[in-house]
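Q:
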Amino acid sequence: MKVLGLHLLCFVLPLATFAFLATAPYAHGVGWWLLPLGLSVAADLWSPAEKRQPEPRLPGWPFDAVLYALAALQFANVVMAARLVGATGFFDWHTLVGVALVGTNSGYSGIVVAHELIHRREAHLRLVGRALMGLVLYEHFSTEHVRGHHVRVGTPEDPATARFGESFHAFFRRTVPAQFRSAWRLEAKRLGDERMPWWDRRLLKSRVVHGLVAEWAFAFGLAAAFGWAAFAFQLLQAAWAVRLLECVNYFEHWGLVRRGKRVDAVDSWDTDSWFTLYTLIGLSRHADHHAYATRPYPQLRHHESSPKLPRGYFGMVPLAMGANRKFRRLMTAELRRRGLGPFASET
Numbered sequence: 000m001k002v003l004g005l006h007l008l009c010f011v012l013p014l015a016t017f018a019f020l021a022t023a024p025y026a027h028g029v030g031w032w033l034l035p036l037g038l039s040v041a042a043d044l045w046s047p048a049e050k051r052q053p054e055p056r057l058p059g060w061p062f063d064a065v066l067y068a069l070a071a072l073q074f075a076n077v078v079m080a081a082r083l084v085g086a087t088g089f090f091d092w093h094t095l096v097g098v099a100l101v102g103t104n105s106g107y108s109g110i111v112v113a114h115e116l117i118h119r120r121e122a123h124l125r126l127v128g129r130a131l132m133g134l135v136l137y138e139h140f141s142t143e144h145v146r147g148h149h150v151r152v153g154t155p156e157d158p159a160t161a162r163f164g165e166s167f168h169a170f171f172r173r174t175v176p177a178q179f180r181s182a183w184r185l186e187a188k189r190l191g192d193e194r195m196p197w198w199d200r201r202l203l204k205s206r207v208v209h210g211l212v213a214e215w216a217f218a219f220g221l222a223a224a225f226g227w228a229a230f231a232f233q234l235l236q237a238a239w240a241v242r243l244l245e246c247v248n249y250f251e252h253w254g255l256v257r258r259g260k261r262v263d264a265v266d267s268w269d270t271d272s273w274f275t276l277y278t279l280i281g282l283s284r285h286a287d288h289h290a291y292a293t294r295p296y297p298q299l300r301h302h303e304s305s306p307k308l309p310r311g312y313f314g315m316v317p318l319a320m321g322a323n324r325k326f327r328r329l330m331t332a333e334l335r336r337r338g339l340g341p342f343a344s345e346t
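Read in numbering that gives the first Met the number 0, the sequence shown has 91 at position 92, and its numbers run on one by one without any break.
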């Protein structure tokens, strides 16, 4: 069960966030509390490669227990942060640190766990995944990602596939509203008419509508319990978490064009980073995830044929957001080397 111990790295950021929130407003030293964020990037940049395939016949329940614990920590961190902001006020350094920690934890832990759970076959696990997405006001992702993105990945019809040459900021402006529209249409189609007007009573059964009601009820519930500063905090941490999510979406398929009807390993970017693999519960083996969407995270396999990111996920985010020209240059070089995307015709 050595692999289970390695996956326990996923608790570092959630527990650091919990420790800050549990000790604030008596915690001091803002730099020390933000240190796990910087160390994660540094560890990813220096991480060795992990190409070993998963062990056969691993028991599932210990790895599922990790997901339950991470989900509980995410709910606790969001509520504790709202309580803290309600007590200290919005214009306080604890709030700034809290936005950074909770928002980053929501992106790198809460959403990652939600992504794992919304693909599971068990209805109660999918419900927990949807609830986690609701904590960042993005529950519609549960519908669009599973029934939209996984079907259309690598095609012009997929709003979550970044085009060749597209900058992150252009992608973000395009994908956020487009994914919501996609989720809305998918649910409308399921209910009988893709073009039904928003006042149609059938939409009362729409999962997207249910998600909107639940996530905003929770946000206003925080306002009722802890004040409007807590509500503003919830909006900020959710906005940062969604930006992290869409940054990951951005580089996971950037510039790739699917050749066939079936998704292949070459239709997703992977990273061999050991640190990313175990800290983000297998998210980096994205090619295998798209080939076998319900495969649990400890069973995801390495594919040598998939294009490789120049860094692990923690290193890719600042590269894609802050040095996008360099990002596009490095990614283009890998596509050219592999004969993928716009260079497929050259091979």
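Built from N, CA and C at the ideal position, the CB exists for glycine as well.
Values in this document were obtained by computation on a predicted structure and should not be read as measured data.
(1) If we ignore side chains and look at the alpha-carbon of each, how far apart do R239 and R300 end up?
(2) Helix, strand or coil: which one does DSSP assign to S205?
(3) Of all the alpha helix (DSSP H) runs that stay within the bounds of the segment 311 to 345, which reach a length of 4 or more residues?
(4) Is DSSP giving D269 helix, strand or coil here?
(5) Could you tell me which of A86, Y277, M79, F250 sits nearest to R51, measuring between CA atoms?
(6) Give every residue of the same chain whose Cβ lies closer than 6 Å to the Cβ of P353, excluding the five residues on either side of it in the sequence, and list them in chain order.
(7) DSSP puts A48 in a beta bridge; with which residues?
(8) Assuming V175 is part of the alpha helix (DSSP H), what are its boundary residues?
(9) Do L95 and P13 have their beta-carbon atoms positioned less than 8 Å apart in this structure?
(10) Considering only residues of the same chain and omitting the five flanking positions on each side of G226, which have a CB-CB separation below 7 Å?
(11) Around the C-beta of G314, are 16 or more other C-beta atoms found within 10 angstroms, so that it is buried, or is it exposed?
(12) With K1 as the anchor, note down where its alpha helix (DSSP H) starts and where it stops.
(13) Less than 8 Å between the beta carbons of A264 and A290, yes or no?
(14) With C-beta atoms as the reference, is G254 less than 8 Å away from A161?
(15) Whose C-alpha, out of A113, L202, R184, E193, is nearest the C-alpha of I280?
(16) As an exercise, report each continuous alpha helix (DSSP H) stretch of at least 4 residues that is fully enclosed by the segment 105 to 139, in chain order.
(17) When you compare only the Cα positions, how much space is there between L57 and W197?
(18) Going by C-alpha distance, which of A15, S141, V135 is nearest L34?
A: According to the structure shown:
(1) First, the residue type needs correcting, since residue 239 is Trp and not Arg in the sequence shown. Going from the Cα of W239 to the Cα of R300 covers about 30 Å.
(2) coil
(3) 312 to 321, 323 to 337
(4) strand
(5) Y277
(6) This structure cannot speak to residue 353, because the chain is shown only from 0 to 346.
(7) S272
(8) 167 to 189
(9) no
(10) G85
(11) buried
(12) 1 to 6
(13) yes
(14) yes
(15) A113
(16) 110 to 116, 122 to 133
(17) 47 Å
(18) A15
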